[in-house]
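Engineer: Per the UniProt record's numbering, the very first residue in the sequence shown carries number 1; after that it's consecutive. I'd like to ask you about the structure that follows.
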Amino acid sequence: MRITETADLWYKNAIIYCIDVETYLDSNGDGTGDLHGITQRIDYLAEIGVNCLWLMPFYPSPRRDNGYDIADMYGVDSRYGDHGDLVELIRVAHDRGIRVIADLVINHTSDQHPWFKAARRSKNSPYRDYYVWRADDPGDTSDQTMFPDVEDGIWTYDERTEEWYLHHFLHTQPDLNTANRQVRDEIAKMMGFWLQLGVDGFRVDAVPFAINQETLVGHDEHEFAEPHDYLRTLRSFLQRRASGQGSAIMLGEVNLPHEEQLAFFGGEDGDQLTMQFDFFTNQRLFLAMARQQAAPLAEALRSRPTLGAEPQYANFLRNHDELTLDLLSDQERNEVLDAFAPEEEMRFAGRGLRRRLPGMFAGDPRRLKMAYSLLFALPGTPVLFYGEEIGMGENLEVPGREAVRTPMQWTSGKNAGFSTAKPSALGRAVTQGAFGPEHVNAADARRDQDSLLHHITRLAKRYRESPELGWGQCQIIETGVPEVLAHQLSWEGKTMVLLHNLGSEPAVVEFVLEDQEPGTVLMDLLSEESCKLGADRDARMPLDGYGYRWLRLVREGDHRLV
């Protein structure tokens with residue numbers, strides 16, 4: 001593949017960093033993070049190796065769901081700044097080689113959005129059909145809500161018009177009727193607006209809900225042969241509008257097994273989502289870490305369908321929501337909960353964890369470093385949630401999913417260096433205790449060569465130097481050591497072998513690379529260690545407890561530095 005082609009597909013070797021604007025850096029002392037604060041930290045992100053910034057919703061919102069209940073799809077919340085601040089952030093990021101993507105919420109709006117306010121005034125409102133209504137009682141739908149702890153179903157009765165409206169999430173987030181052409185036109189217009197301001201694509205929220213037409217009422221006839229045609233039109237629109245500014249992406253939130261995810265890529269055509277978060281592999285990874293056995297993760301990687309040249313999986317350890325476990329069996333889910341969330345307050349709605357990784361691992365630096373090595377070594381694109389790079393913990397005193405959305409810890413000083421406001425003026429409290437800013441902060445981590453920050457910075461550098469990690473075909477290698485995941489990634493004659501010990505005890509790993517020549521050198525990119533393939537194409541490598549190796553096969557004519 002030519003260099004120009006790989007450059008157009010920049011996301012296949014990207015490092016994505018997710019930021020909650022409200023909690024990253026307060027530049028004006030009002031207690032709330034803002035866009036200008038992020039701009040002040042662009043060089044920090046560039047130093048880590050980030051080259052794609054994902055901004056969580058910055059739109060005007062009542063913030064019943066962390067900004068995903070949007071009241072104005074074209075606006076910037078005044079607490080965060082204005083459109084000029086956003087454009088300046090994008091300009092500075094682009095100057096440092098960092099692309100910017102924004103959240104695209106097409107499944108629902110806030111109930112405070114002007115469309116919904118108009119829709120509930122009268123059944124004859126022109127905006128009535130922007131949402132999904134029904135006249136008959138829907139009955140018990142408690143098993144379908146995404147928030148079983150606060151919602152008793154997915155339909156809410158509106159007394160004024162005496163009908164029920166659909167909401168798969170909170171009742172303050174009514175679902176949009178994407179079967180309505182006017183709604184689709186509004187969404188396309190909104191996408192075009194943000195693309196014109198310079199964003200490089202979108203993280204698309206709750207995709208399966210947005211294109212699910214089965215629950216819609218009164219729309220048996222519409223222009224699509226099947227719901228996925230709508231995703232195709234969005235992708236086509238994106239490519240037309242972004243044709244002059246490089247390859248823009250749609251990174252989809254699709255929490256489904258691999259075979260079902262394939263349809264959201266567009267199957268063999270690859271004409272729908274550019275990327276998808278791999279929730280299935282993420283959940284099997286946590287099951288593997290809970291058991292300290294590699295088999296669940298190996299099975300997940302084997303089950304990944306082969307994708308075409310353009311689609312890509314995005315890998316993550318933690319994201320901005322709860323760590324969901326709904327693709328595991330009840331027994332498997334309980335194993336993970338018992339291992340990493342033994343107390344009820346650590347759990348979310350009985351199905352997930354509201355914790356960050358350091359708390360789950362009791363702060364063990366060996367296990368943390370292994371986990372992030374594994375994140376960067378998995379086939380695909382790594383995604384970091386802000387604060388992961390320094391080992392931030394959660395604040396369980398904050399209710400719900402916001403326990404992991406606490407202020408970024410920049411220093412050990414007042415408010416963790418996040419804001420000069422009075423602590424009582426902060427929108428969210430700073431984490432206290434073992435993972436508080438006096439113990440965990442970016443300023444100290446930058447000066448400590450053994451810190452998690454330096455480890456992740458090094459991983460990011462090696463990842464960017466190793467295109468086979470983002471592009472390569474994955475093959476699981478048998479080692480006979482249950483605790484060790486060994487996999488091989490190969491692309492255009494380049495090969496790496498990645499070893500990760502999920503167990504706490506040292507291990508010696510022996511493996512065979514049948515497709516390689518005897519005597520081939522395997523050089524560890526993260527240490528001074530190396531080994532050679534024997535006459536039987538076999539190799540032997542020691543691993544510490546929670547140890548890891550990134551072994552590059554060094555061949556004659558490979559000009560890359562080791």
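Glycine is no exception: its CB is placed at the ideal position from the N, C-alpha and C atoms. Because the structure is a prediction, the values reported are computed rather than measured.
Going along the chain, which residues of its own chain have a beta-carbon closer than 7 Å to the beta-carbon of residue 287, five neighbours each way excluded?
Structural biologist: The residues are 296, 328, 332, 335 and 336.
Engineer: So, is residue 542 buried or exposed, given that buried needs 16 or more other C-beta atoms within 10 angstroms?
Structural biologist: With fewer than 16 Cβ atoms within 10 Å of its Cβ, residue 542 is classed as exposed.
Engineer: Could you give the DSSP three-state label for residue 87: helix, strand or coil?
Structural biologist: Looking at residue 87 - three-state DSSP - the assignment turns out to be helix.
Engineer: In its own chain, which residues sit with a C-beta less than 6 Å from the C-beta of residue 437, not counting the 5 before and 5 after it?
Structural biologist: Result list for residue 437: 409, 412 and 416, in chain order.
Engineer: Quick one, are the C-beta atoms of residue 94 and residue 167 less than 8 Å apart?
Structural biologist: No, the Cβ-Cβ distance between residue 94 and residue 167 is not below 8 Å.
Engineer: Express the C-alpha separation of residue 182 and residue 88 in angstroms, rounding to a whole number.
Structural biologist: So the two alpha carbons sit approximately 32 Å from each other.
Engineer: When we look at the beta-carbon of residue 157 and count the other beta-carbons within 10 Å, is it buried (16 or more) or exposed?
Structural biologist: That one is exposed.
Engineer: Could you please give me the residues that DSSP links to residue 275 through a beta bridge?
Structural biologist: DSSP lists 251 and 312 as partners of residue 275.
Engineer: From what residue to what residue does the beta strand (DSSP E) around residue 494 run?
Structural biologist: Looking at the DSSP string, the run of the beta strand (DSSP E) that includes residue 494 is 494-501.
Engineer: For the segment 19-69, which segments carrying the alpha helix (DSSP H) assignment without a break, of at least 4 residues, lie completely within its bounds, in sequence order?
Structural biologist: Complete alpha helix (DSSP H) runs here, min 4: 21-24, 35-40 and 42-48.
Engineer: Have a look at residue 257 and residue 29 and give me their C-alpha separation to the nearest angstrom.
Structural biologist: Using only the alpha carbons, I get a separation of about 44 Å.
Engineer: Do you know whose CA, among 36, 462 and 103, lies nearest residue 81's CA?
Structural biologist: With distances taken between Cα atoms, residue 81 lies closest to 36.
Engineer: Grouping DSSP H, G and I as helix and E and B as strand, with all else coil, what is residue 339?
Structural biologist: Helix, per DSSP.
Engineer: Do the segment 130-142 and the segment 175-190 meet, that is, are 3 or more Cβ pairs less than 8 Å apart?
Structural biologist: The segment 130-142 vs the segment 175-190: in contact.
Engineer: Do residue 281 and residue 307 have their CB atoms nearer than 8 Å?
Structural biologist: No, Cβ-Cβ distance for residue 281 and residue 307 is not below 8 Å.
Engineer: Quick one: grab the DSSP three-state call for residue 201.
Structural biologist: Strand.
Engineer: Nearest to residue 379 by CA position, among 428, 326, 312 and 353, is which residue?
Structural biologist: The shortest Cα separation from residue 379 among 428, 326, 312 and 353 belongs to 312.
Engineer: Does residue 457 come out as helix, strand or coil in the three-state DSSP assignment?
Structural biologist: Looking at residue 457 - three-state DSSP - the assignment turns out to be helix.
Engineer: Just to confirm my understanding: we take residue 194, look at its own chain, exclude 5 residues before and 5 after, and list those with CB closer than 7 Å. What are they?
Structural biologist: Contacts found: 102.
Engineer: Going straight from the alpha carbon of residue 19 to that of residue 84, what length do you get?
Structural biologist: Cα-Cα distance, rounded: 19 Å.
Engineer: Tell me where the beta strand (DSSP E) around residue 354 begins and ends.
Structural biologist: Note, residue 354: premise wrong, no beta strand (DSSP E); not H, not E.
Engineer: For residue 61, tell me which candidate among 401, 114, 97 and 44 has the shortest Cα-Cα distance.
Structural biologist: The shortest C-alpha separation from residue 61 is found at 114.
Engineer: Look at the alpha carbon of residue 585 and the alpha carbon of residue 502, and state the distance between them as a whole number of angstroms.
Structural biologist: Look at the range of the chain in this structure, 1 to 562, and you will see that residue 585 is not part of it.
Engineer: Looking at C-beta atoms only, is the number of pairs between the segment 390-407 and the segment 41-53 that lie closer than 8 Å three or more?
Structural biologist: Touching, no.
Engineer: Taking the alpha-carbon of residue 284 as reference, which of 404, 504 and 304 has the nearest alpha-carbon?
Structural biologist: Of the candidates 404, 504 and 304, the one whose C-alpha sits nearest the C-alpha of residue 284 is 304.
Engineer: Start and end of the alpha helix (DSSP H) containing residue 236?
Structural biologist: Here the alpha helix (DSSP H) through residue 236 covers 228-241.
Engineer: Relative to the alpha-carbon of residue 393, which residue among 384, 382, 406 and 383 has its alpha-carbon at the smallest distance?
Structural biologist: Among 384, 382, 406 and 383, the Cα nearest to that of residue 393 belongs to 406.
Engineer: Ignoring anything shorter than 4 residues or poking outside the segment 91-122, list the alpha helix (DSSP H) runs there in chain order.
Structural biologist: Counting whole runs of 4 or more residues, the segment 91-122 contains the alpha helix (DSSP H) stretches 114-119.
Engineer: Which class does residue 7 belong to by DSSP, given the choice of helix, strand or coil?
Structural biologist: Residue 7: helix per DSSP, three-state reduction.
Engineer: Whose C-beta lies closer than 6 Å to the C-beta of residue 391 among residues of the same chain, with five residues either side of it excluded?
Structural biologist: Taken in chain order, the residues that qualify are 358, 440 and 452.
Engineer: Count the other CB atoms within 10 Å of the CB of residue 319; is the residue buried (16 or more) or exposed (fewer)?
Structural biologist: Burial call: buried.
Engineer: Is the Cβ-Cβ distance between residue 249 and residue 227 less than 8 Å?
Structural biologist: Not a contact, by the Cβ cut-off of 8 Å.
Engineer: Out of curiosity, what's the CA-to-CA distance linking residue 434 and residue 57?
Structural biologist: So the two alpha carbons sit approximately 30 Å from each other.
Engineer: How is residue 471 classed by DSSP in three states: helix, strand or coil?
Structural biologist: If DSSP states are grouped into helix, strand and coil, residue 471 belongs with the helices.
Engineer: Run the CB neighbour count on residue 432, radius 10 Å, all protein chains shown included, and call it buried at 16 or more, exposed below.
Structural biologist: So residue 432 ends up on the exposed side.
Engineer: With distances taken between CB atoms, is the gap from residue 207 to residue 252 smaller than 8 Å?
Structural biologist: Yes, the Cβ-Cβ distance between residue 207 and residue 252 is below 8 Å.
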